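Working notes, beginning with the structure itself.
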Amino acid sequence: MEALEAITTRRVQRAFSNQAVEPEKLNAIVDAGRHAMSAKNQQPWQFVVIRDRDTIAKLGAFCTTGKFVPEAPALIVVAKDANNQWADVDCAQAVQNMADAAWAMGLGTCWVGNFEAEQIARLLELPSGWALFTVLPFGYQNSQKPPQAKPLKPRNEVVHFERFGNHQG
122 MEALEAITTR RVQRAFSNQA VEPEKLNAIV DAGRHAMSAK NQQPWQFVVI
172 RDRDTIAKLG AFCTTGKFVP EAPALIVVAK DANNQWADVD CAQAVQNMAD
222 AAWAMGLGTC WVGNFEAEQI ARLLELPSGW ALFTVLPFGY QNSQKPPQAK
272 PLKPRNEVVH FERFGNHQG
């Protein structure tokens, strides 16, 4: 799948089959994150790849709005440098790269944003100076609950040329 196709067809996936995600695909996803842009090339991220079912279940219990997390065959937890002022922006770019790379390889994910960060940090033994950024569950589609397309706002509502309000390009 071409990059632009992956970006424009990617869907949020909250239901997963129980098919294992191949280690080489997880490595490729992490590498996509590692190649994200970052301010001053500081790369303020760490990636924790989780495939152990018990750890996934424990971590999933700490994801308040991610009740689907325990169903995923793999997780990648993104930690950020707590002392880097640009870490949120940089880690967000890494997450986007990983989501697009996963989709291009036939996998899906959903950015989990509401969780008990301290509990997860303790579970994963994050060292001092690192904070939880997000939890990303990865897996193949559940054929009974495929991800659905959501409508985009029309271009003329969100794209402006030269000045705000000018929709003619």
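The working numbering applies: residue 122 is where the sequence shown begins, and numbers increase by one. All C-beta atoms in this analysis are idealised placements derived from N, C-alpha and C, irrespective of residue type, glycine included. None of these values were measured; they are calculated from a predicted model.
Item to complete: Assign Pro258 to buried or exposed, taking buried as 16 or more other Cβ atoms, counted over all protein chains shown, within 10 Å of its Cβ.
Response: Buried, since its Cβ has 16 or more Cβ neighbours within 10 Å.
Discussion item. Taking the beta carbon of Ser159 as the centre, do at least 16 other beta carbons fall within 10 Å, making it buried, or is it exposed?
Written reply: With 16 or more other Cβ atoms within 10 Å, it is buried.
Worksheet item: What does DSSP give as the partner residues of Phe168 in its beta bridges?
Response: In the DSSP output, where bridge partners are listed per residue, Phe168 has Val199.
Discussion item. Check whether the segment 275–282 and the segment 215–226 are in contact - that is, three or more C-beta pairs closer than 8 Å.
Written reply: Judged by Cβ distances under 8 Å, the segment 275–282 makes no contact with the segment 215–226, as fewer than three pairs qualify.
Discussion item. Quick test of your reading: Ile128 and Asp221, contact by CB under 8 Å. State the CB separation rounded to the nearest angstrom.
Written reply: A Cβ-Cβ separation of about 6 Å places Ile128 in contact with Asp221 under the 8 Å criterion.
Item to complete: Identify every residue that forms a DSSP beta bridge with Thr129.
Response: Per DSSP, Thr129 has no beta bridge partner at all.
Worksheet item: What separation, rounded to the nearest whole angstrom, lies between the Cα atoms of Ala213 and Gln289?
Response: So the two alpha carbons sit approximately 31 Å from each other.
Item to complete: Give me the Cα-Cα distance between Asp175 and Val256, rounded to the nearest whole angstrom.
Response: C-alpha separation (whole angstroms): 16 Å.
Item to complete: Rounded to whole angstroms, what's the CA-CA distance from His281 to Lys179? Just pull it up for me.
Response: Answer to the nearest angstrom: the Cα atoms are 46 Å apart.
Discussion item. So, with DSSP's three-state summary, where would you put Gln262?
Written reply: In this structure, Gln262 counts as strand in the three-state DSSP scheme.
Practice prompt. Please state whether DSSP places Gly286 in a helix, a strand or coil.
Written response: Coil.
Practice prompt. For the alpha helix (DSSP H) containing Lys71, list its first residue and its last residue.
Written response: Lying before the first or after the last residue shown, residue 71 is absent from the chain, which here runs from 122 to 290.
Item to complete: Report the option in Asp152, Ala270, Thr130 and Thr185 whose CA atom is closest to the CA atom of Val169.
Response: Ranked by how close their Cα comes to the Cα of Val169, the residues Asp152, Ala270, Thr130 and Thr185 have Asp152 in first place.
Worksheet item: Applying the criterion that 16 or more other CB atoms from any shown protein chain within 10 Å of the CB defines a buried residue, is Leu147 buried or exposed?
Response: Buried: at least 16 other Cβ atoms inside 10 Å.
Item to complete: Note the first and the last residue of the continuous alpha helix (DSSP H) segment covering Asn148.
Response: Unbroken alpha helix (DSSP H) run through Asn148: Pro144 to Arg155.
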